Amino acid sequence: MKKAQASIEFIFAIGALILIFLILFYFVFERRMELNIAEGMLSDKDDCSKIATAITMAFSSKSSHTFKINSNATVSSLSRAVEAGNSNYPCTFPVVVSNASGNVIYLSKGNINVAYVDGKVQVQNA
């Protein structure tokens with residue numbers, strides 16, 4: 000075998016290894032993106048459940064609670080539902096929520112206050 004032929008075969012072998020590496024990298028990258036999306040949805044669902052549970056707990060125990068959420072959320076007193084982040088995963092609660100700003104309460108990420116006042120639950124940013 001000539002030296003030039005061995006060099007070309009070596010270059011083809013390196014090229015094939017690089018191609019296999021790129022294909023594997025693509026699949027790993029796609030899987031990581033899917034996991035990041037799923038992690039964000041789970042975080043939004045967690046925040047949604049936290050808010051709905053805190054509203055129900057404040058009403059049943061007639062107390063106040065402060066806690067932290069990691070995404071923006073919307074609380075609707077008409078539909079008695081909470082939506083957090085971008086997941087469009089509504090959590091419902093069985094009690095009446097009031098706020099001076101109207102039927103829809105917009106919460107930004109950070110600390111949230113949930114308080115029982117005069118037979119209703121008030122929800123607001125802390």
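The sequence shown: position 91 = 90 (numbering that gives the first Met the number 0), numbered continuously.
By construction, the Cβ of each residue, glycine as well, lies at the ideal position given by its N, Cα and C atoms.
Because the structure is a prediction, the values reported are computed rather than measured.
Original post:
Quick one: is TYR115 buried, meaning 16 or more other Cβ sit within 10 Å of its Cβ, or exposed?
Top reply: Position 116 of the sequence shown, counted from the start, is the residue given in the question as residue 115. A residue is called buried once 16 or more other Cβ atoms fall within 10 Å of its Cβ, and TYR115 is buried on that count.
**OP:** Ignore the nearest five residues each way along the sequence and tell me which others in ASP46's own chain have a CB closer than 7 Å to its CB.
**Re:** Here the question's residue 46 lines up with position 47 in the sequence shown. Hits under 7 Å: ILE68, ASN69, SER70, ALA72, ALA83 and GLY84.
Subject >> Simplified DSSP assignment, three categories, for TYR25 >> reply: Numbered from its first residue, the sequence shown carries residue 25 at position 26. Three-state result, TYR25: helix.
Subject >> Per-residue DSSP class, three states only, for PHE66 >> reply: As a first step, residue 66 is located in the sequence shown; it is residue number 67 there, counting from the start. In this structure, PHE66 counts as strand in the three-state DSSP scheme.
Original post:
Thinking just about the alpha-carbon of each residue, which of VAL95, GLY109 and LEU77 is nearest to the one in ILE54?
Top reply: One-based indexing of the sequence shown puts residue 54 at position 55. The alpha carbon of ILE54 has as its nearest neighbour, out of VAL95, GLY109 and LEU77, the alpha carbon of VAL95.
Original post:
Quick one: what's got a C-beta closer than 7 Å to SER62's C-beta in the same chain, skipping five residues either side?
Top reply: The count along the sequence shown starts at 1 and reaches residue 62 at position 63. For SER62, where only same-chain residues beyond five positions count, the Cβ hits under 7 Å are TYR115.
Original post:
When we look at the beta-carbon of VAL122 and count the other beta-carbons within 10 Å, is it buried (16 or more) or exposed?
Top reply: Translated into positions along the sequence shown, residue 122 becomes position 123. Classified as buried, VAL122 has 16 or more neighbouring CB atoms from the shown chains inside 10 Å of its CB.
**OP:** Figure out for me which residue from ILE7, ASP43 and ASP117 has the closest Cα to the Cα of LEU106.
**Re:** Residue 106 sits at position 107 when you count from the first residue of the sequence shown. Ranking ILE7, ASP43 and ASP117 by Cα distance to LEU106 puts ASP43 first.
Subject >> From ILE13, ASN102, ILE50 and ILE17, residue whose alpha carbon lies closest to that of THR91 >> reply: Residue mapping note: residue 91 aligns to position 92 of the sequence shown, counting from 1. Distances from the CA of THR91 to each of ILE13, ASN102, ILE50 and ILE17 were compared; the closest alpha carbon is that of ILE50.
Original post:
Can you give the Cα-Cα distance for VAL103 and ARG79, rounded to whole angstroms?
Top reply: Within the sequence shown, residue 103 is the residue found at index 104, counting from 1. Within the sequence shown, residue 79 is the residue found at index 80, counting from 1. Each residue's alpha carbon lies about 10 Å from the other.
Original post:
Do you know whose CA, among GLU29, PHE66, PHE26 and ASN98, lies nearest ASP117's CA?
Top reply: One-based indexing of the sequence shown puts residue 117 at position 118. By alpha-carbon distance to ASP117, the top candidate from GLU29, PHE66, PHE26 and ASN98 is ASN98.
Subject >> Backbone CA spacing between ALA12 and ILE19 [nearest angstrom] >> reply: Here residue 12 is taken as the residue at index 13 of the sequence shown, counted from 1. Here residue 19 is taken as the residue at index 20 of the sequence shown, counted from 1. In this model, ALA12 and ILE19 are separated by some 11 Å (Cα to Cα).
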